[in-house]
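Okay, structure first, notes after.
Protein chains: 2
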Amino acid sequence: MMTKLALEHFLPYRLARIGTVVSQEFREIYGRDYDLTIPEWRVLATLGQFGEMGAKAIGRHSFMHKTKVSRAVRALEERRWLKRRESLEDRREEVLALTPQGLTAYENIVPSALAYEEKLLCSLGIHAQALLDALDALERVKKMN
Amino acid sequence: MMTKLALEHFLPYRLARIGTVVSQEFREIYGRDYDLTIPEWRVLATLGQFGEMGAKAIGRHSFMHKTKVSRAVRALEERRWLKRRESLEDRREEVLALTPQGLTAYENIVPSALAYEEKLLCSLGIHAQALLDALDALERVKKMN
DNA sequence: AATCGATGGTTACTTTTGCAACTAATTTCG
DNA sequence: CGAAATTAGTTGCAAAAGTAACCATCGATT
Numbered sequence: 004m005m006t007k008l009a010l011e012h013f014l015p016y017r018l019a020r021i022g023t024v025v026s027q028e029f030r031e032i033y034g035r036d037y038d039l040t041i042p043e044w045r046v047l048a049t050l051g052q053f054g055e056m057g058a059k060a061i062g063r064h065s066f067m068h069k070t071k072v073s074r075a076v077r078a079l080e081e082r083r084w085l086k087r088r089e090s091l092e093d094r095r096e097e098v099l100a101l102t103p104q105g106l107t108a109y110e111n112i113v114p115s116a117l118a119y120e121e122k123l124l125c126s127l128g129i130h131a132q133a134l135l136d137a138l139d140a141l142e143r144v145k146k147m148n
Numbered sequence: 004m005m006t007k008l009a010l011e012h013f014l015p016y017r018l019a020r021i022g023t024v025v026s027q028e029f030r031e032i033y034g035r036d037y038d039l040t041i042p043e044w045r046v047l048a049t050l051g052q053f054g055e056m057g058a059k060a061i062g063r064h065s066f067m068h069k070t071k072v073s074r075a076v077r078a079l080e081e082r083r084w085l086k087r088r089e090s091l092e093d094r095r096e097e098v099l100a101l102t103p104q105g106l107t108a109y110e111n112i113v114p115s116a117l118a119y120e121e122k123l124l125c126s127l128g129i130h131a132q133a134l135l136d137a138l139d140a141l142e143r144v145k146k147m148n
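Note that the protein sequences, when read in sequence, are chains A and B.
Convert by adding 3 to the 1-based position in the first sequence; the result is the number in our numbering.
Convert by adding 3 to the 1-based position in the second sequence; the result is the number in our numbering.
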C-alpha cells in the first residue's frame, strides 16, 4: 500500500507558497508609490537599518546573492538613493550609504511596512505569537540567524 | 522620532526567506536522484495525487502560472513521465496522466518527501502543531484554500 | 618584496520566469 | 444560426536570477 501525499498539506510547499504570497502582497505596498523590486527594497531596508556598510555585509544580512545585491545597488544608485565611496581601510570594498532622498523614501516606507505587518499579525489573532515562536524555532534549526 | 524596522524580524521577509530555504532544501531530496525542477515536482505531485487532469486544474491546485505548468508538462512529457490525450468533451483541453515510469518515480519520491516533512516537524518539537495551525489561519486569511 | 591564496565586487552567459499576444475550440446571446 | 466573448494551452519576447569567470586588492608566507 502506497502512502499518499496531498500537496496542499505538504509543509515545504505551504511554506514556499505563503512566503511568496505574503512578500508579493507586501511588495505592492512599496511598489505602489516607488517602483522597487524586492532586492532593491532589501538593500534599502538594510542600509536604513545600519547606515553605512559594504555590499558583502548587505548580502549577508538580507540573505541575497552578491550579484543580486550588486544589481540592486546599481539601480538604487541610478535613482540617486544611495552613494558609494571607496573604503579607506580596504580599497576593494565600497562603502554604501543612503542619500537624503534615499533616507526620505525609506522613512516613508517603514510606517506602511510596519502597518502591513501589524495587520497581518492581527488577522492571525490567537495564532500570531505562535507563528513568531515557530519561525524562531525554524530559523534556529536551519541556522538562519 | 522615527520607528525602526529590523529586517531580520520583519514578518514578510522572514516568511519569504524560510519558504525558499525549506523548499530549496527539499528540492535537493528529489534533485539528488531525479533532476527535477520545483514546477516539475509540483506537476508530478498533483498528477500523482489526482490521476488524470487538465493543465489548468494543475495550475489551480499547485498555484502556478499557466506558462510554468505548460513548460513543466512538456519537460515531463519529454522524459516520458506523463502523456497527454485529447479530451473527448472539450477538444481545447488536454487530459494529462502519469505514465508507469512517472508513477514509479512519484512513488519513489513520496516516502522521502514525507520523511523530510516528518524530520522538519520533529525538529520543531513543541512548535510543530502551532506552526501548522498558524499556517491554516494564514491561508484562510489570504484565501489560499 | 615577490608570490600565492583569499576576498569584494562586477560582468558575460545561460536559465528561469512573467507578460502579452496568439491559436483553436467553446459558450453565449442577439 | 452566427458574431462576439471566453477559455485551454502555447509561444515570443523581455525582465530577473544564478553560475562562473574575471579584475583589483589585500593578507600571509617565504
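For glycine and all other residues, C-beta sits at the position ideal for the given N, C-alpha and C.
Quantities reported herein were computed from a predicted structural model and do not represent experimental measurements.
Exposure label - residue i; buried when at least 16 CB within 10 Å
i, result
"Leu45 of chain A", "For the sequence presented, residue 45 of chain A should be read as Arg rather than Leu. It counts as buried."
"His68 of chain A", "exposed"
"Leu47 of chain A", "buried"
"Ile41 of chain B", "buried"
"His130 of chain A", "buried"
"Gly54 of chain B", "exposed"
"Thr107 of chain A", "exposed"
"Arg83 of chain B", "exposed"
"Glu121 of chain B", "exposed"
Under 9 Å by beta carbon: chain B residues contacting residue i
i, result
"Ile61 of chain A", "What Ile61 of chain A touches in chain B: nothing, since even the nearest Cβ is about 10 Å away."
Where residue i falls: helix, strand or coil (DSSP)
i, result
"Gly54 of chain B", "coil"
"Arg17 of chain B", "helix"
"Ala75 of chain A", "helix"
"Leu123 of chain B", "helix"
"Leu47 of chain B", "helix"
"Glu31 of chain B", "helix"
"Glu96 of chain B", "coil"
"Leu85 of chain A", "strand"
"Leu39 of chain B", "coil"
"Leu117 of chain A", "helix"
"Leu8 of chain B", "coil"
Residues that residue i contacts on chain B, provided the C-beta gap is smaller than 8 Å
i, result
"Ser26 of chain A", "Pro15, Tyr16, Leu18, Ala19"
"Gln149 of chain A", "Nothing about residue 149 of chain A can be reported from this structure: the residues present for chain A run from 4 to 148 only."
"His64 of chain A", "Leu10, Glu11"
Partner residues on chain A for residue i, Cβ-Cβ distance less than 8 Å
i, result
"Met147 of chain B", "Arg20, Ile21, Val24"
"Glu120 of chain B", "Phe13, Leu14, Pro15"
Closer than 7 Å at the beta carbon, the chain A residues around residue i
i, result
"His130 of chain B", "Asp136, Ala137, Ala140"
"Ser126 of chain B", "Val144"
"Leu123 of chain B", "Leu14"
Supposed contact pair residue j and residue i - C-beta distance, whole angstroms, cut 8 Å
i, j, result
"Gly22 of chain A", "Leu8 of chain B", "Actually they are not in contact, since the Cβ atoms of Gly22 of chain A and Leu8 of chain B sit about 19 Å apart, beyond 8 Å."
"Val25 of chain A", "Pro15 of chain B", "5 Å"
"Ala58 of chain A", "Leu91 of chain A", "17 Å between Cβ atoms; not a contact."
"Leu123 of chain A", "Ala137 of chain B", "Actually they do not touch by this definition, with Cβ atoms about 11 Å apart."
Interface residues of chain B facing residue i [CB-CB closer than 7 Å]
i, result
"Thr49 of chain A", "Leu10"
"Glu110 of chain A", "Met5"
Neighbouring residues, chain A, relative to residue i (Cβ below 9 Å)
i, result
"Val72 of chain B", "Near Val72 of chain B there are no residues of chain A at all, since even the closest Cβ is about 13 Å away, more than 9 Å."
"Arg45 of chain B", "Leu10, Tyr16"
Exercise. Is it a yes or a no for the segment 114 to 130 of chain A touching the segment 84 to 104 of chain A, going by three-plus beta-carbon pairs under 8 Å?
Worked result: With the cut-off at 8 Å, the segment 114 to 130 of chain A and the segment 84 to 104 of chain A do not touch.
For this session: Assess, as a yes-or-no matter, whether the segment 73 to 84 of chain B is touched by the segment 135 to 144 of chain A under the definition of 3 or more beta carbon pairs within less than 8 Å.
Result: no
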